[in-house]
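Numbering (UniProt numbering), first residue to last: 1 to 997.
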């Protein structure tokens, strides 16, 4: 992790700790201090009780407990930043038993003096007056050198202000002169506060110097001044015995509430007056100058402190104006641009017809101005766009302020350029104020534009940008700069203004992802709408119903002319049957900036040069022509091609060995990919745009700051004087149609769910059910194998499933989400075959016995025999695995389970996958029907019904299980009969033998 990331994490932790440290509901009420005049309350200040709460443990004390702090009082309901009075106060809050500690924290030089007072009747506590008297005090002279302010907020409706500064120190207050109609006033004024009494020792003043408050106001002829912001400064102390040091000008941040409101360039020095001589106190002799220069009724900054000025020349290329809005209900017809810097102004020519030709004819103008030698002290450059109207009136269209000129300084003047580039605002950084955007300055030319909104086929692209392309290449403002023109008064709600100002300035796309729902059902019916000038293209007829991640795959060809049609707007609309369509989100693309950029953003550079094939070179010029044109436009000699190297100017590019064919083109393309390395030899060289895909957020003005989805795209531009190459076919890939033939042969070891109530023997009436996930409407079932006593079932039954499938994606199917839906919705999910075994019941609900789910693109290989089939095959990532889309055919045994760890049977099946065209040529029937019928299974012919075949049922259920008992019983019965007969006949035989003998 980088140090920057750790710093961000530390700040998050700090913010959380501060939130936890503050009680959600304070047990102590806040302290209020009121400024009274008689009985009238003028101003107040509110102090949180925890900030001045005392504790014996120093770490647990309030931050301001026992300290002299500066507080600013305000009137109830006053504007943001307005201060009524400044109050310096010592505050202490704690339990009464620690009241003696209240004065222990006083500065050492402040001594309390008590005055006793008589006790009042009825009260047991004495009251006394407390006076704090410092033994040491001294007089100072404060000099406030206010040089200039820059980047101030606009307070008037014309987008400007009439600023002046009010400096408050101790008990004195002074103001500067008013700067009329400017956001960067140059006061160059010195405010002198003479004989200011400060109490305390030298060490105390050095350790805790007094605070100077500089409030910036806007002067209004009618009404009170409006506060623009406030800055705080600590003066540079100069005691009598110290050698004098000249103060240096520095910048002080001006804030308004929690937002930035500009900067103040000033210096402050506080000089101790010398009382060692007789008469009036005077400045020490080392101070220079002794007297501040006085010019035109005001003190000016001494020359020793003012920055040294040097003559600079500012050259301005007035290119054109774009998107100017109405001013005072009238269209802008003949505008002109006025540039102001350092008190000097430069005007462009008056545009004859803004609507007919919004570019200037007289492009380059310049003026000389005296500016400080230090680049960081340069005043800002202000751009005004005005229009001369009837009766000599001048209407202000808008203004823009360039905070620093270092970005436009030639590199040979110093290394400041690099430092400034690091400090430049990042693309998309919102301005600090909220004002109405009135237009922007820019561009020229003619070209043809081809915008390709592509599907997911990105194999041609070697670079996918997660954001817009402008963010990667400095907004393509390497040659022409865009200056947003602002007009209007600043509101107090600065944070919202920043987001509103950010809306709709950039963006564009490819296929759309993550669209915000626009319908009540949580979906959208998106289509594309393109606008370029008066041209409109729409795909409303081919809208995609009920989809938040649509794939458009559209190619749009537009012919646009610069400077009339410089912006391409792409909007994703929501189709409505009744009423107007809604805008989901939109994005804007500045075509002119891309066309003229040195980054060559017209057509991205491919990774390899292929003259033909699916990855054919897409530009209208081959790489060698592009490189030659780049050298020609840069004013250098053409490239020199050598074996395995190319020389451009004084730079040698080593070329990796490649194919012999088209070697020069490969070498030129390799140089183009590394063109950014030419910076050290060629000023203005920059990296070139590679072949890419942009992912740009879609914005909606009704929901500022919140992307409503993302659009994936790329844009190619070609001049009309060169034949444009054919566009790449990026239509969405159509799913392939397949027919899956599943033959269910047998089952084995299926769980026996039924139990015979007479014999207790388990059995099941088995049948198999199958379908493909997502196509539940096409479920198919086998016939029933009744009274299976061993879990074995014989079926010889064929399932036939037809489905659409994308090899790199999923099963594609369409269906209506509900009965009231007018259009079918497209769904995608993995191709998974589900086989389930059920127990058939005539009266009650059928019972589930087991199932298996087979992902057709990644399924476990079947076992050849039932004995080799085990529950291990049903586990995730069990091997070996195969894809039915490759093997086309598979037969064997797969395990069934109700729980992942328990085997509940096996099923023998055969899969055969054929394309739909082949299936129509060689069809097969479902179940056992023609064509290619299947034979009936050889199931047992017994019927185990006691009423139909009682003897067979007896033999199977009783004889088979109790045969030895029955035989033993029969033998015993026969023996018993013989024994009985013997016993029965034996007496007669004995008597007959006796009497007969």
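Here a beta-carbon is modelled for each residue, glycine too, at the ideal position from N, C-alpha and C.
Buried versus exposed, by CB contacts within 10 Å (16 or more), residue i
{"i": "residue 977", "result": "exposed"}
{"i": "residue 394", "result": "exposed"}
{"i": "residue 183", "result": "buried"}
{"i": "residue 43", "result": "buried"}
{"i": "residue 332", "result": "buried"}
{"i": "residue 440", "result": "Reliability fails at residue 440, whose pLDDT of 37 lies under 50, so the model's placement of it is uncertain and the value that follows must be treated cautiously. Its Cβ being crowded by 16 or more others within 10 Å, residue 440 is buried."}
{"i": "residue 128", "result": "Because residue 128 sits at a pLDDT of 44, beneath the cut-off of 50, its placement in the model cannot be relied upon, and the following sentence gives the value as read from the coordinates. The residue is exposed, with fewer than 16 neighbouring Cβ atoms inside 10 Å."}
{"i": "residue 747", "result": "buried"}
{"i": "residue 487", "result": "buried"}
{"i": "residue 594", "result": "buried"}
{"i": "residue 7", "result": "exposed"}
{"i": "residue 328", "result": "exposed"}
{"i": "residue 630", "result": "buried"}
{"i": "residue 556", "result": "buried"}
{"i": "residue 606", "result": "buried"}
{"i": "residue 78", "result": "exposed"}
{"i": "residue 700", "result": "buried"}
{"i": "residue 193", "result": "buried"}
Closest Cα partner of residue i within the set the options
{"i": "residue 207", "options": "237, 342 and 229", "result": "237"}
{"i": "residue 526", "options": "26, 559, 487 and 570", "result": "570"}
{"i": "residue 249", "options": "372, 790 and 32", "result": "372"}
{"i": "residue 163", "options": "594, 179, 175 and 173", "result": "179"}
{"i": "residue 387", "options": "353, 93 and 406", "result": "353"}
{"i": "residue 847", "options": "396, 767 and 871", "result": "767"}
{"i": "residue 367", "options": "341, 26 and 374", "result": "341"}
{"i": "residue 275", "options": "165, 141, 640 and 291", "result": "141"}
{"i": "residue 827", "options": "544, 851, 987 and 560", "result": "544"}
{"i": "residue 840", "options": "765, 855 and 778", "result": "765"}
{"i": "residue 67", "options": "845, 52, 77 and 59", "result": "52"}
{"i": "residue 578", "options": "75, 752, 33 and 519", "result": "519"}
{"i": "residue 1000", "options": "892, 875, 843 and 886", "result": "Coverage of the chain is limited to positions 1 through 997, which leaves residue 1000 absent and any answer about it impossible."}
{"i": "residue 315", "options": "408, 931, 932 and 189", "result": "408"}
{"i": "residue 675", "options": "663, 653, 936 and 364", "result": "653"}
{"i": "residue 894", "options": "735, 837 and 740", "result": "837"}
Bridge partners - residue i, DSSP secondary structure assignment
{"i": "residue 838", "result": "767 and 848"}
{"i": "residue 998", "result": "Because the chain here runs from 1 to 997, residue 998 falls outside it and cannot be looked at."}
{"i": "residue 14", "result": "Note: residue 14 sits in no beta bridge, so no partner."}
{"i": "residue 272", "result": "140"}
{"i": "residue 872", "result": "None; residue 872 has no bridge partner."}
{"i": "residue 1013", "result": "With the chain represented from 1 up to 997, any question about residue 1013 goes unanswered, as that position is not in the structure."}
{"i": "residue 737", "result": "804"}
{"i": "residue 571", "result": "529 and 586"}
{"i": "residue 646", "result": "641 and 653"}
{"i": "residue 309", "result": "372"}
Beta-carbon proximity of residue i to residue j, cut-off 7 angstroms
{"i": "residue 514", "j": "residue 709", "result": "yes"}
{"i": "residue 473", "j": "residue 673", "result": "no"}
{"i": "residue 155", "j": "residue 218", "result": "yes"}
{"i": "residue 269", "j": "residue 143", "result": "yes"}
{"i": "residue 914", "j": "residue 896", "result": "no"}
{"i": "residue 651", "j": "residue 640", "result": "no"}
{"i": "residue 644", "j": "residue 655", "result": "yes"}
{"i": "residue 149", "j": "residue 317", "result": "no"}
{"i": "residue 795", "j": "residue 782", "result": "yes"}
{"i": "residue 168", "j": "residue 191", "result": "no"}
{"i": "residue 532", "j": "residue 558", "result": "yes"}
{"i": "residue 365", "j": "residue 350", "result": "no"}
{"i": "residue 692", "j": "residue 604", "result": "yes"}
{"i": "residue 240", "j": "residue 210", "result": "no"}
{"i": "residue 152", "j": "residue 228", "result": "yes"}
{"i": "residue 381", "j": "residue 405", "result": "yes"}
{"i": "residue 468", "j": "residue 696", "result": "yes"}
- Secondary structure, beta strand (DSSP E): runs of 3+ residues fully inside the stretch 670 to 703: Within the stretch 670 to 703, the runs of beta strand (DSSP E) that reach at least 3 residues and sit entirely inside it are, in chain order, 693 to 697.
- alpha helix (DSSP H) runs wholly inside the UniProt domain "C2" (122 to 252), at least 4 long, in chain order: Residue ranges of uninterrupted alpha helix (DSSP H) with 4 or more members, entirely inside the UniProt domain "C2" (122 to 252) and ordered along the chain, are 202 to 207.
- Within the stretch 579 to 631, note down every full alpha helix (DSSP H) run reaching 4 residues or more, in order along the chain. Taken in chain order, the unbroken stretches of alpha helix (DSSP H) that lie wholly in the stretch 579 to 631 and span 4 residues or more are 591 to 596.
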